[in-house]
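K.L.:
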Amino acid sequence: MTNMISSSPSSGVVGIRRIPILFILLCSSGSITGVSGSVHSTVTNNAAIVSSSTTTIRRTQMIGTRIFGIGRGGGSWPINSNDEDNGGIFDKIKTAFKRKPKVEPQSPEELIKHQPTAEQTNGIDPFFVRVCAQVSADVYHQEPRHISRFDKLATISIENTVLKEPPKAVIYDSNSPFTDTNPPFVAVVAGNKLILSWRGTGSYMDCVRDVSIYLGSSSCWKNVAKVVKVHAGSLAEVENSLVVHEAELLKIIDDYEIKEILVTGHSLAGGIAQVALLWFQGTMDITIDPTPNKWKELATNGLTVKCMSFQGLSTTVYAESDDQELNQKGIDFINKCGANMCTTAFSLDPVPMVPGHFSTFGMDFIEDVLATLVRKKTYFGDTVETWITNVVERFGTEQLKGIAKSYFPISDKYQHIGNVLYYASPDAEPKVYIDNKNGILVGKEGFADLSEIKYKNQKDALTAVGYNHRIIVRGPGLAFYRNADVSM
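Numbering follows our numbering, in which position 106 of the sequence shown is assigned residue number 119; successive positions increment by one, without gaps.
In structure tokens, the structure reads:
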């Protein structure tokens, strides 16, 4: 969910580099219906869910009519790029996206003024929060696709810290030749901590992974798999990386006498990091699976795992069953994981608010994005506005009703299970929110609920979301430095 805007609001950039994820979500309604089809009958038969989504249905229907003026004409849905009726609309769209955006001077560096406390981040020292932010930013490097891209970590000052040597990358896997479908993975040693991170959204297929809210479970938590579900797109990347590199990671833990693993990442990778924590917790917890393994042995000897996610999407779903004993085991597992997890949310960035608050915050954001597109056609041009209009006309009211009844209620079941560290601005004090929509998170009394954060229309929603989403690690925000050649 990065790589969307080429600068901050102050830069005045009018070129956009990638369709915002929530906007793709709206326009890809055919594929969305397919993804959620297996659960459609269950959801639509639930009168309470259908009733609760009525407002969302109406708002979805209104997107075309109120903002694009559906009914005024605009042509038929283009079947293919050679369709004589549409004049090769897809080719025109491709041409529009190939145009180089107007590039303004890079915006001034902005640091987050107030570092979070260890209590706010569920036990992660502020210095290591910054190291995690830096690694999460550096993994976006386009070139070289080599571990040397992390050499600049050696410039981090370790004065007045517990480190005797600067952080050092020990594994880098670009996943070549599959980099565009599988984000790069890096492991960094910092004292007795091992930091694992993935690249956030950097390709169009990453965008598909972002919006693929189908659910999955892992054998790592098989005893509660029926009631603990996660974002399956993120789980697939976790399983791939940790299976491929497991032996190497275990050797690093032994060689460097690692006492704690920090899983981290920004945006899509923030969600992957959250799921990775569940993977480790399930693998290391004898109450989940008593079968002996090396990870359980390490946990017995004191190895811990924590997650520091930056602007990550929500990735966990509690799927209540008829078995109350199983439900409680699942809730206990979720709370164990949540007690070691923290995710940042900056200003009005929609990414940490989805998919869990799509029908409220997400819908407000989509309407604002579409309004921005109409006001400022320079983002895509008239060709793309016509295409968007055709999309809405093509699927029409009935299709949108079906999506609202099935897809939105499913997305709204996702939640952040750890602390959500909210920054209203770079100068603001951080505030902890919790996402306790179903009341399963324990020990969170006194914290505000994430649903209290409401979206507010922006003068330019697209430029604003790019700034809000990236500043936390690219400002450099919470990180130490900003690399000019990092593509985000």
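Cβ atoms here follow ideal geometry from the backbone N, Cα and C, with glycine treated the same way. Because the structure is a prediction, the values reported are computed rather than measured.
1) If Tyr435 sits next to Ile485, beta carbons under 8 Å apart, how far is it from one beta carbon to the other, in whole angstroms?
2) Classify Tyr427 as helix, strand or coil using the three-state DSSP reduction.
3) If the criterion is Cβ atoms closer than 9 Å, does the pair Glu149 and Ala332 meet it?
4) In terms of alpha-carbon separation, which member of Val455, Val202 and Asn306 lies closest to Ala167?
5) Using 8 Å as the Cβ pair cut-off and three pairs as the minimum, do the stretch 285–299 and the stretch 310–328 touch?
6) Suppose contacts are defined by Cβ-Cβ distances below 9 Å. Is Trp9 in contact with Ser161 by that definition?
7) So, with DSSP's three-state summary, where would you put Tyr480?
8) Is the separation between the beta-carbon of Ile274 and that of Ile266 shorter than 9 Å?
9) If I measure Cβ to Cβ from Asp268 and keep anything under 8 Å in the same chain, skipping five residues before and after, which residues do I get?
10) Using 9 Å as the threshold, is the C-beta distance between Asn205 and Glu270 below it?
11) Starting from Phe198, trace the alpha helix (DSSP H) in both directions and tell me its first and last residue.
12) With a threshold of 7 Å on Cβ separation, who are the neighbours of Lys469 within its own chain once the five nearest residues in sequence on each side are excluded?
13) With three or more beta-carbon pairs closer than 8 Å as the criterion, would you say the stretch 362–378 touches the stretch 419–427?
14) Rank Phe198, Lys181 and Val183 by C-alpha distance to the C-alpha of Ser189 and give the top, closest one.
15) Alpha carbon to alpha carbon, how far is Lys472 from Trp308?
16) Taking DSSP as the reference, what is the three-state secondary structure of Tyr331?
17) Count the other CB atoms within 10 Å of the CB of Asn558; is the residue buried (16 or more) or exposed (fewer)?
18) Measure the CB-CB distance between Leu209 and Leu262 and report whether it falls below 9 Å.
19) Mapping DSSP to helix, strand and coil, what is Ile301?
20) Is it buried or exposed, Tyr217, if we count other Cβ atoms within 10 angstroms and call 16 or more buried?
21) Looking at the structure shown, is Ser187 part of a helix, part of a strand, or coil, going by DSSP?
22) What distance in whole Å lies between the Cβ atoms of Phe323 and Ser357, which are believed to be in contact at a cut-off of 8 Å?
23) When you compare only the Cα positions, how much space is there between Pro139 and Pro363?
24) Report back the beta-carbon spacing between Leu228 and Asn348 to the nearest angstrom; my notes put them in contact at under 8 Å.
25) Thr588 bridges to which residues according to DSSP?
26) Give the secondary structure of Ala286 by DSSP, where H, G and I count as helix, E and B as strand, and everything else as coil.
27) Please state the DSSP three-state secondary structure of Glu273.
28) Under 8 Å Cβ to Cβ from Glu252, same chain only, skipping five residues before and after it: list those, please.
29) So which of Val318, Ser280 and Thr277 has the shortest CA-CA distance to Met297?
30) By DSSP's criteria, Asp381 is part of a beta bridge. Which residues make up the other side?
31) Candidates Phe359, Val330 and Asp335: which alpha carbon is nearest Cys350's?
32) Just mark Thr214 as buried or exposed, buried being the case when its beta carbon has 16 or more other beta carbons within 10 Å.
33) Pull the bridge partners of Pro180 from the DSSP assignment, please.
34) Please tell me whether Pro197 has its Cβ less than 9 Å away from any Cβ of chain C.
35) Taking 8 Å as the cut-off, does the CB of Val202 come closer than this to any heavy atom belonging to the ligand ADP?
36) Just to confirm, are Ala477 and Thr277 a CB contact at a threshold of 9 Å?
P.N.:
Well, looking at it:
1) Translated into positions along the sequence shown, residue 435 becomes position 422. Translated into positions along the sequence shown, residue 485 becomes position 472. That belief does not hold up - the Cβ atoms of Tyr435 and Ile485 are roughly 11 Å apart, past 8 Å.
2) The residue labelled residue 427 in the question sits at position 414 within the sequence shown. In the structure shown, Tyr427 sits in coil (DSSP, three-state: anything other than H, G, I, E or B).
3) Your numbering for residue 149 matches position 136 in the sequence shown. Your numbering for residue 332 matches position 319 in the sequence shown. Reading off the sequence shown, one finds Ser at residue 149, where the question assumed Glu. No.
4) On the sequence shown, position 154 is the one that residue 167 refers to. Minimum Cα distance to Ala167 is reached at Val202.
5) yes
6) The structure shown does not extend to residue 9, since the chain is modelled only from 14 through 501, so no value can be given for it.
7) The residue given as residue 480 occupies position 467 in the sequence shown. Looking at Tyr480 - three-state DSSP - the assignment turns out to be helix.
8) For the purposes of this step, residue 274 is taken as residue 261 along the sequence shown, with counting starting at 1. For the purposes of this step, residue 266 is taken as residue 253 along the sequence shown, with counting starting at 1. Their beta carbons are under 9 Å apart, which means Ile274 touches Ile266 by this criterion.
9) Mapped onto the sequence shown, residue 268 falls at position 255. Contacts found: none.
10) The sequence position of residue 205 within the sequence shown is 192, counting from 1. The sequence position of residue 270 within the sequence shown is 257, counting from 1. Yes, these two residues count as a Cβ contact at 9 Å.
11) By one-based count along the sequence shown, residue 198 stands at place 185. Phe198 -> not in any alpha helix (DSSP H); beta strand (DSSP E) instead, spanning Phe198 to Ala203.
12) Within the sequence shown, the letter at position 456 stands for residue 469. Cβ within range, chain order: Leu361.
13) yes
14) To locate residue 189, count along the sequence shown from 1; it is residue 176. The shortest C-alpha separation from Ser189 is found at Phe198.
15) Locating residue 472 in the sequence shown gives position 459, where the first residue counts as 1. Locating residue 308 in the sequence shown gives position 295, where the first residue counts as 1. If I take the Cα positions, the gap works out to 50 Å.
16) What you label residue 331 is simply residue 318 of the sequence shown in a count that begins at 1. Reduced to three states, the DSSP call for Tyr331 is strand.
17) Lying outside 14 to 501, the shown extent of the chain, residue 558 is not represented and no answer is given.
18) For the purposes of this step, residue 209 is identified with residue 196 of the sequence shown, where counting begins at 1. For the purposes of this step, residue 262 is identified with residue 249 of the sequence shown, where counting begins at 1. Contact: yes.
19) Walking along the sequence shown from the start, residue 301 turns up at place 288. Here Ile301 sits in coil by DSSP.
20) Looking up residue 217 in the sequence shown gives position 204. Exposed is the call here.
21) Translated into the one-based positions of the sequence shown, residue 187 becomes position 174. Three-state result, Ser187: coil.
22) Numbered from 1 along the sequence shown, position 344 holds the residue referred to as residue 357. Numbered from 1 along the sequence shown, position 310 holds the residue referred to as residue 323. Inspection of the sequence shows that residue 357 is occupied by Thr rather than by Ser. Confirmed, about 5 Å.
23) The count along the sequence shown starts at 1 and reaches residue 139 at position 126. The count along the sequence shown starts at 1 and reaches residue 363 at position 350. Cα to Cα, the separation comes out at about 25 Å.
24) Residue 228 sits at position 215 when you count from the first residue of the sequence shown. Residue 348 sits at position 335 when you count from the first residue of the sequence shown. Not quite, the Cβ-Cβ distance comes to about 20 Å (not below 8 Å), so this is no contact.
25) Any question about residue 588 goes unanswered here, given that the chain covers just 14 to 501.
26) Here residue 286 corresponds to residue number 273 of the sequence shown, with the count starting at 1. Here Ala286 sits in helix by DSSP.
27) Numbered from its first residue, the sequence shown carries residue 273 at position 260. Looking at Glu273 - three-state DSSP - the assignment turns out to be strand.
28) Taking the first residue of the sequence shown as position 1, residue 252 is located at position 239. So the list reads Ser231 and Trp292, once near-sequence residues are dropped.
29) Within the sequence shown, numbered from 1, the residue matching residue 297 stands at position 284. Among Val318, Ser280 and Thr277, the Cα nearest to that of Met297 is on Val318.
30) Stepping through the sequence shown from its first residue, residue 381 is reached at position 368. BP columns for Asp381 are empty, so no partner.
31) For the purposes of this step, residue 350 is identified with residue 337 of the sequence shown, where counting begins at 1. Ranking Phe359, Val330 and Asp335 by Cα distance to Cys350 puts Val330 first.
32) Working through the sequence shown from its first residue, we reach residue 214 at position 201. Result: buried.
33) Here residue 180 is taken as the residue at index 167 of the sequence shown, counted from 1. Answer by DSSP bridge pairing: none, since Pro180 is not bridged.
34) You won't find chain C in this structure, because it holds only one protein chain.
35) In terms of ligand content, the structure shown is empty, and the ligand ADP therefore cannot be addressed.
36) On the sequence shown, position 464 is the one that residue 477 refers to. On the sequence shown, position 264 is the one that residue 277 refers to. Contact: no.
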